[in-house]
Structure formats: C-alpha cells, structure tokens
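Read through the structure below, which is laid out as structure tokens, and then see the notes.
Residue numbers (UniProt numbering): 1 to 206.
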C-alpha cells in the first residue's frame, strides 16, 4: 500500500489539479475502487486534496513539508534574480508551482519609486499571471523542461504588465521567474526585458 501511495503522489505531483479519479487509476493501472480507497487515506492525512470538480492536488500537509525545498530554491536562484534585476532595472519575482497556484518565494525589488511589488508568500492564479501562464505551458507538455515567454498585460492587476518564463528543475519543481512593471514602462522596455529573461532561462532549467 505504501508503494501505491508513493506512486499515486508521484502522478499527482506531475499533473497537479489535472487528474481525476479515473485518470489516476489509468496511470497506476489500478481498479477505480482501489484508487478511491487510496485517495481517501491520502486526503485524511493531508497528503492529497480533491476539489469540487474531482480534480486531485497535493495536500497542504505535504506542501508544508516542502517548505525546506522553497528555501533551497531561493538560495539556488537568487544570483539569477539579481542578474536579471540589474539587466532590466525592474522588480524580479521567483515563484514555484503549488497545487493550482503560483507561490511567490523570493523577490528583488526595483529601485524605481513606481514599481510592482508583491509580498513573498502570496499565492497567485495560473491563468492571469505571467508566471502562472508559463507554468501552464509545462503542465500541458510534461516532456518540456523550459517554457516560452508568457505575458500578463493588465490582466491580474490593472496598470501592471509582466513577462515570465518557467522551468522544470532537476528536483522536479516547476519554478518561474517573472518581471512585472507599470504597463507604460513595460511596453517601452519589453524587448530588453524579454531578451534578459531568455538569457536567464537556461539557468532555470539547469
């Protein structure tokens, strides 16, 4: 049973919020009744969660255990954030996929008086943010290690635009770096921001 639970968690982590009971059963090669019992146990101990539409994600207890990984990621990617902040002159955010949201885990703030700032620890949706859209590209293509550039043009916050890129790390995390800025300044400097993001992309995937 422990091996089955571990296999189930591996599948859920690979496609967070994407699988339902029948999908998980197909991937594990197990009967629907067996998978249901397995999921009940995982949900009870906080290792899995199921939303109102039956989609399965990793549970909050398991995600909390990953907090140490977040600290490791910030250490690993801080030099990349600093380099990108110098190249763009804008705020640079690092986030990691957690369930169906992006969790902000580090940030280098712009020196501009008018700048985009989001608190570390805040969660943002996938569909309306640059980092979330980049992560969705990797969820759609499990074989990809690096996304293309994704954009948020006044979608999540009016007056703020952003570009982002995401990667699947060697440890299995989906992480994203994004550069938000006031929309007028973003539009004026978009080419420079995107070029700098692409230069940093390979560092993300390494």
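Note that CB positions come from ideal geometry on N, CA and C, so glycine has one too.
Span of the alpha helix (DSSP H), counted from its first residue to its last, around residue 33
32-44
> Below 8 Å, can you find three or more Cβ-Cβ pairs linking the region 125-139 to the region 172-179?
Replying inline: yes
| field | Rounded separation between residue 145 and residue 164 - CA only | value | 15 Å
Original post:
Just the Cα atoms here: how many angstroms apart are residue 103 and residue 195?
Top reply: 24 Å
Q. Looking at residue 139 and residue 15, is the spacing between their C-beta atoms short of 9 Å?
A. yes
- Mind checking whether residue 92 and residue 173 have CB atoms under 9 Å apart? no
For this session: Measure from the alpha carbon of residue 125 to the alpha carbon of each residue in 46, 90 and 99, then state which is nearest.
Result: 99
Query raised in the report: What are the complete alpha helix (DSSP H) segments, minimum 4 residues, inside the UniProt domain "IclR-ED" (61-206)?
Result: 67-88, 130-140 and 183-205
**Which residues DSSP lists as bridging residue 56, in chain order** = 19 and 50
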